[in-house]
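Heads up, the thing below is written out as structure tokens.
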């Protein structure tokens, strides 16, 4: 009875009380816990996806997180997030860090902090080859697939106000809609589009077209105002780059021999 | 058709990545449903008893709780607990647990109404007679009224369990690795067999829910016969 | 970091417009689905009570199957799975239109019709059997007897449970946001993504759903009281 009463009161309180929990000293938390909890994508080839053979989540961002966990002497624990859940999960402390193809945007700085850029790409369009869409201008009056809570969704609306954006939970769902002809294009970061395109039986049937609609630098998301942890993450990223560990991981997922070949054309910002 | 994709991933549908990884798939669905009905029964019993109480201080909060929860889509309740409960609790809850709490709170409002209907369906004289023999209100409730009321309502509880089992699919939206999530993961990776995959998991849900529905009908017949004999 | 409340931002200006347009879509999709599910549910119930075996069998499997699978899975099936079932030409014709909305309507209609069929069937059972026999004896066909004698009486009894099914439908319509229909819940999440003021957006949309539900249940209570009043006289 008391439990019921308490829950009733709680339900009412939802609308009245709100105070974010103070999060301090992630670095100590992780070390004493012995695990680094990372929010990653689980259906975003080649960044993070479920491997068919082992049923485990693997990918570029997972390897990056593993390298970070090693530097922390911690075990890595993965939590699948989507574009719409990753920021709330971080602000609530459900994950220590988010490595989920997240663009470093100014608006997001109010909620969370970002590491230095660990991946650089830009927003483009994935379309059916020879389907008549070559740039954003051709999207007028067309349906475009994207993902809820992503920057791409907001950018394309700005670039082409005359298109209808249909937002899905994940990019593969948006691609499935493209394959079935429900939308005429899927828009997001080129790196993601490459992965989607190559996950298809016939990658040659699809084209990635257009100028960059916007630049998309990815940053690792960390909790707001915890500079110790952010410094550690930044130092670790630069260390990975300098030691060639980053390039090795990059090659494993985006190298010439992989299906998702994407040349490494940018340099990480390295602090002297 | 690509039924081979379904066959190759059938173990993933059933238990997720277990034993090498976290438990998921149908096993997680069953855990959510069973845990949910257990929690919802006790919480719902409490709220239901408050609802039929004569004291306004108990009755009104219970009524408000029931009306608010029943007037809100489950999806909203799930979001509330997932995104906003940590603000109130002060710390985070893992997805599966926050989904479980949302399911318990949501279902308990419906259980409370079942409890109320069960108690109100009993003849008024029962309570009076029980009090007449010197039992307190509480004793009469726990020894005389509730056992009968709850027994009569067993089929309704089973039906609620069926709804709950279906409702666990919403946990997918906040990322719990249950059956629907497993299906969308496989669908997102393969992109060639959405029809086959969704038919398969629909059938898996159907098998569980249909068996439970039939079980509830069987119980209902048994209980009706039992009562007919008693009269 | 203290959370700054800002209800003003959510209920006014651009975001207020979003909420309103989301509410419009929710009401639209619910309204259309309510009408269609009532029609389909009635047909299924009548089929199930007919004496023609294949029809009875069809109606029974329809209700059992759609009642016992989650609506969310059904939505996914209609949206992603219908592709390989329907002919290509039909698909492309559908996709050129508002396919997301149509799928939402189909899923909500079929799911709710299965429940409505059961409510109607039990309503029909509550009418004494000899009424059907009597009307048949008067020379009415099965369908005529149903349409003029049985159903009008049955509907009077089952209006309250029917309305609670409609209410469920309105609440269930929140699930169509998973396939990109821009309903109230979808808009609440969009506002959260844009402003990070999820708390306010969810509060406002929850209150809207609650208001709809409370108004409808008040209506049902009034109806019940009136009918009871009529009966007690």
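Chains as they are written, first to last, in our numbering: chain A, 1 to 272; chain B, 273 to 503; chain C, 504 to 736.
Glycine included, every Cβ here is placed at the ideal spot set by N, Cα and C.
As the structure is a computational prediction, the values presented were derived from the model and not from experiment.
| Query | Result |
| --- | --- |
| Three-pair Cβ contact test at 8 Å for the region 714-727 of chain C versus the region 567-579 of chain C | no |
| For residue 80(A), the residue or residues it bridges with in DSSP | 40(A) |
| Pairwise C-alpha distance: residue 701(C) and residue 51(A) | 33 Å |
| Chain-ordered chain A contacts of residue 358(B) [CB-CB under 8 Å] | 21, 92, 93 and 94 |
| Distance CB(residue 191(A))-CB(residue 237(A)) smaller than 8 Å | no |
| Residue 284(B): first and last residue of the uninterrupted alpha helix (DSSP H) it sits in | 282-287 |
| Cutoff 8 Å: residue 179(A) Cβ touching any chain B Cβ | yes |
| Min CB distance residue 659(C) to chain A below 8 Å | no |
| Below-8 Å beta-carbon distance, residue 288(B) vs any chain C residue | no |
| Under 8 Å between C-beta atoms of residue 277(B) and residue 456(B) | no |
| Beta carbon of residue 151(A) nearer than 8 Å to that of residue 216(A) | yes |
| Stretch-stretch touch, CB-based, cutoff 8 Å, three pairs: the region 661-676 of chain C with the region 608-617 of chain C | yes |
| Inter-residue spacing [alpha-carbon to alpha-carbon] between residue 240(A) and residue 606(C) | 48 Å |
| Residue of 290(B), 489(B), 470(B) and 413(B) minimising C-alpha distance to residue 274(B) | 470(B) |
| Status (buried if at least 16 other CB within 10 Å, exposed otherwise) for residue 627(C) | buried |
| Buried versus exposed call for residue 498(B) [16 or more other C-beta atoms within 10 Å across all chains shown] | exposed |
| Residues that residue 166(A) contacts on chain F, provided the C-beta gap is smaller than 8 Å | Although the question refers to chain F, the structure presented lacks it and instead comprises the protein chains A, B and C. |
| 8 Å Cβ cutoff met for residue 208(A) and residue 194(A) | yes |
| Three-state class that DSSP yields for residue 75(A) in the structure shown | strand |
| CB of residue 211(A) within 8 Å of CB of residue 135(A), strictly | yes |
| C-beta neighbour in chain A for residue 398(B), strict 8 Å | no |
| Cβ-based burial, residue 680(C) [other Cβ within 10 Å; buried from 16] | buried |
| Residue 459(B) to residue 465(B) span [Cα, whole Å] | 7 Å |
| Beta-carbon neighbours of residue 696(C), restricted to chain A and to distances below 9 Å | 83, 84, 87, 148, 149, 150, 153 and 154 |
| Cβ shell of residue 330(B) (< 6 Å), same chain only, five flanking positions each side left out | 322 |
| Cβ of residue 111(A) within 8 Å of any chain C Cβ | yes |
| Residue range of the unbroken alpha helix (DSSP H) whose run includes residue 640(C) | 632-640 |
| Touch test, the region 531-548 of chain C against the region 413-430 of chain B, Cβ-Cβ under 8 Å, three pairs minimum | no |
| CB of residue 102(A) within 8 Å of CB of residue 246(A), strictly | no |
| Cβ neighbour criterion (16 or more within 10 Å) applied to residue 379(B) | buried |
| Of the listed residues 629(C), 510(C), 647(C) and 539(C), nearest to residue 661(C) (C-alpha basis) | 629(C) |
| N- and C-terminal bounds of the alpha helix (DSSP H) containing residue 618(C) | 602-628 |
| contact_flag[the region 164-175 of chain A, the region 131-145 of chain A] where n(CB pairs < 8 Å) is 3 or more | yes |
| Residue 563(C) versus residue 256(A): straight-line alpha-carbon distance, rounded | 57 Å |
| Counted within 10 angstroms of its Cβ, other Cβ atoms place residue 501(B) as buried (16 or more) or exposed | exposed |
| Exposed unless 16 or more other CB atoms sit within 10 angstroms - verdict on residue 450(B) | buried |
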